[in-house]
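Working notes for the structure below.
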Amino acid sequence: MDDTEIEGALRGFIVETILEGDDAGLDASTPLLEWGVIDSLAMVSLLDFIHRRFAVRIPDAEVLPRNFQTISAIGRLVKRAAQEPGDG
Amino acid sequence: MAERFDVIVVGAGPGGSATAMLLAERGLSVLVLERDAFPRYHVGESLTGTAGDFIARHGLRADMERLGFPDKPGVKVVGRGARSEFYVPVLRPTWQVRRAEFDDLLLERAKAAGAVHRRGVAREVIRDGDRVTGLVVSEEGEPRQEIHASLVVDASGQGAFLSRQGVAGPRRVEAFNRQIALYSQFEGVEPDEGERRDATVIFYRDTYHWAWLIPVGGGTVSIGVVLPITTYKLRGDSPEAVMQWGLSQLNPELTRRSAGATQTEIMRITRNYSYRVDPFVGPGWLCVGDAHRFTDPIFSFGVSFALTEAQAAADAIASALDQPSREAECLERYAGYCTRGQDRAAQLVRYFWKFPAFFAFMSRGEYRDDILRLLAGDCFSVEPLPASVEMKKSIEESPLVEQLPAGRGREIARRVYERFDFFQGVDAALMNIIGDKITVLFILSEEDIELYDSLQDFEDRIIEDFGREDLAIFCYTPDLTSTIPPLDHMLRIFDRRGR
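Quick note, the sequences are listed as chains A and B, same order. Counting from 1 along the first sequence, just add 1192 to a position and that's the residue number in this note's numbering. Counting from 1 along the second sequence, just add 1 to a position and that's the residue number in this note's numbering.
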């Protein structure tokens, strides 16, 4: 899966489920944490979505603000996690 | 002739009594001055692992058993929603204490070691040039008298005696200032299950809304409810009503466990408690514990840090008295040590509130051991733990600021973000860069003189580091919002309005 595809899927989930359809000009570099798009509750559902959609599990130690700052940061995290052996 | 001691300690709380005890054990003459009759009530009943170390090192474990203080197994943090709860066991044996008895125990130990204890009030300092050389003291029923000393230790707690005297730096509000805590003791609170029975529980709901539950032995439980001052007013028209709101609304577990509880103490209130004093050491004087800094009570660092600092203060004082020509160096080293530990603890609290969900994940992943150590009070190491490095980065680095072009504007924005993001009372900070001209605009939640002082300090430091040329800093309170220039083209360094 390429970057555009991953980012597109993440953006789709965030707009539909977290922002309830209000897309508010969200792009790959929108600061999600800074603007309060992702709060605690949203993050748990986002992790569940990543697990379902990409069949990867994000290790607890990778759940750090810098990996969730933007859609492109989350995309890189997903790709990294997908390359880890023996997970999913 | 005026009376003289090697050291006068103002205040017989844990920081003061421990300092006095350690100095007296080294054969120094020490006076501990305490305003109140002991034993007396004090909030802050939970100790961390470092306090446990102090207790073990100084042979107080038998006393803890004799007084029936519960062994503290750990801390449970309960938030909202799935996967928000986590439990952190203590790393070394430590206790939940009733402070009236615990503080009295430490004072008795100081006296047994040879410290002189008197009930009285420190009125003012005696100076010789820049140097503090003693205190004017009024003891109960006695006229004021001068007492001299080689060093004066301020362990006066939130009273911050030397700061109020203009000896130490001014008391400046810090990030968690605009909070109010209501607390009392209760009986009939349902205990937790199994080995967590006597654990501290922290319940949190929305940002800055939280409660503590600390079993202190004999079926008594300390419960406190903490709220931002702004929402406090919305939760009830009396402290009792607000406490009731907290017990019934903050968290379902708290509601269930406190359902059959009876309040057995009066209700007490503390507000605006987050501050620091800088500098807090100088010629002939130093501050220990709350007398120079109090961040936030959420992780129960108060007594533990006071004891850790007391140990470092006693070492610094003994070295300084031994080699008076090296006093400044000894005290500066002590100050650096304290600041390092207090800064790491402040980061921990700020990270918790800014990223509560991330904090819970951090406590489960490969950083777990670091989190356990930091919550045990091990914040003073020379090298930061990897978790501290990660948290500092997350708090201080803003993706928005990093997107700015390199230069003076970005450096100033960075400093504004580091200092005031998540600072209660500052709702937003905006910046305008036109050519070389930089404008910074703070939007405050309320008019507050202490907050202005902190901003003024910050402005002075910015000007010192970046020059006054082409730099303008403005503050707007809510009543002035209509005079704020159009903001659309401005960079929002942070903006929490409307959240």
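Glycine residues also receive a C-beta, built at the ideal position from the N, C-alpha and C atoms. Computed from a predicted model, the values in this text were never measured in an experiment.
{"Asked": "Three-state secondary structure assigned by DSSP to isoleucine 299(B)", "Found": "coil"}
{"Asked": "Unbroken stretches of the alpha helix (DSSP H), 4 residues or longer, contained in the region 349 to 373 of chain B", "Found": "357 to 363"}
{"Asked": "Span separating the alpha-carbon of threonine 49(B) from that of valine 78(B)", "Found": "15 angstroms"}
{"Asked": "Segment limits, beta strand (DSSP E) that includes isoleucine 1230(A)", "Found": "First-last for isoleucine 1230(A): undefined, no H or E at that position."}
{"Asked": "Alpha helix (DSSP H) segment containing tyrosine 453(B), residue limits", "Found": "450 to 467"}
{"Asked": "Residue range of the unbroken beta strand (DSSP E) whose run includes tryptophan 286(B)", "Found": "286 to 288"}
{"Asked": "Where glycine 366(B) meets chain A, residues with beta-carbon distance less than 8 angstroms", "Found": "Pro1251, Asp1252, Ala1253, Glu1254 and Val1255"}
{"Asked": "CB contact flag (threonine 95(B), isoleucine 56(B), <9 angstroms)", "Found": "yes"}
{"Asked": "The region 266 to 285 of chain B contacting the region 1254 to 1265 of chain A, beta-carbon criterion three pairs below 8 angstroms", "Found": "no"}
{"Asked": "Range of the contiguous alpha helix (DSSP H) that encloses glutamine 245(B)", "Found": "240 to 250"}
{"Asked": "C-alpha distance - glutamine 343(B) paired with aspartate 1194(A), whole-angstrom precision", "Found": "45 angstroms"}
{"Asked": "For alanine 182(B), the three-state DSSP class (helix, strand or coil)", "Found": "strand"}
{"Asked": "Integer-rounded CB distance, given that valine 282(B) should sit under 8 angstroms from glutamate 333(B)", "Found": "7 angstroms"}
{"Asked": "Boundaries of the beta strand (DSSP E) in which tyrosine 88(B) is found, first to last residue", "Found": "87 to 90"}
{"Asked": "Within chain A, the residues that glutamate 391(B) reaches when beta carbons sit closer than 7 angstroms", "Found": "Leu1256"}
{"Asked": "Beta-carbon spacing of valine 33(B), alanine 13(B) below 9 angstroms", "Found": "yes"}
{"Asked": "Backbone CA spacing between arginine 128(B) and glycine 135(B) [nearest angstrom]", "Found": "7 angstroms"}
{"Asked": "Under 8 angstroms by beta carbon: chain C residues contacting threonine 1262(A)", "Found": "The displayed structure is made up of protein chains A and B, and chain C is not among them."}
{"Asked": "Whole-angstrom C-beta distance between aspartate 1252(A) and glycine 366(B), which should lie under 8 angstroms", "Found": "3 angstroms"}
{"Asked": "Whole-number beta carbon distance between phenylalanine 306(B) and arginine 351(B), since they are thought to touch under 8 angstroms", "Found": "In fact, because the Cβ distance is near 16 angstroms, the residues do not count as touching under 8 angstroms."}
{"Asked": "7 angstroms Cβ cut-off: residues of chain A touching lysine 112(B)", "Found": "Here the premise fails: no neighbours, minimum Cβ distance about 49 angstroms."}
{"Asked": "Cα-Cα separation between histidine 59(B) and glycine 16(B), rounded to whole angstroms", "Found": "14 angstroms"}
{"Asked": "Any chain A beta carbon closer than 9 angstroms to methionine 491(B)", "Found": "no"}
{"Asked": "Proximity below 9 angstroms, CB of cysteine 288(B) to CB of alanine 123(B)", "Found": "no"}
{"Asked": "Listed by chain order, chain A residues near phenylalanine 362(B) by CB distance under 7 angstroms", "Found": "Asp1252 and Val1255"}
{"Asked": "Chain A contacts from the region 61 to 88 of chain B (Cβ-Cβ distance under 8 angstroms)", "Found": "Gly80, Arg81, Gly82, Ala83, Arg84 and Ser85"}
{"Asked": "Nearest-angstrom Cβ-Cβ length linking leucine 452(B) and glycine 426(B), presumed shorter than 8 angstroms", "Found": "5 angstroms"}
{"Asked": "Beta-carbon neighbours of serine 305(B), restricted to chain A and to distances below 9 angstroms", "Found": "Within 9 angstroms Cβ-Cβ: nothing; serine 305(B) doesn't reach chain A, min ~27 angstroms."}
{"Asked": "Length-filtered (3 minimum) beta strand (DSSP E) runs lying within the region 65 to 115 of chain B", "Found": "75 to 79 and 87 to 90"}
{"Asked": "C-beta neighbour in chain A for serine 47(B), strict 9 angstroms", "Found": "no"}
{"Asked": "Nearest-angstrom Cβ-Cβ length linking serine 85(B) and alanine 361(B), presumed shorter than 8 angstroms", "Found": "6 angstroms"}
{"Asked": "Beta-carbon proximity list for alanine 1234(A), same chain, < 6 angstroms, skipping 5 on both sides", "Found": "Ile1210"}
{"Asked": "Test item: CB-CB of proline 171(B) and aspartate 454(B) under 9 angstroms", "Found": "yes"}
{"Asked": "Valine 383(B) classed as buried or exposed, judged by whether at least 16 other C-beta atoms fall within 10 angstroms", "Found": "exposed"}
{"Asked": "Neighbourhood of arginine 120(B) by C-beta, 7 angstroms cutoff - its chain only, sequence neighbours within 5 removed", "Found": "Glu35, Ala38, Glu140 and Glu141"}
{"Asked": "Close-in-space but distant-in-sequence residues of the same chain around glycine 1267(A) (CB under 7 angstroms, 5 per side omitted)", "Found": "Asp1195, Ile1198, Glu1199 and Leu1202"}
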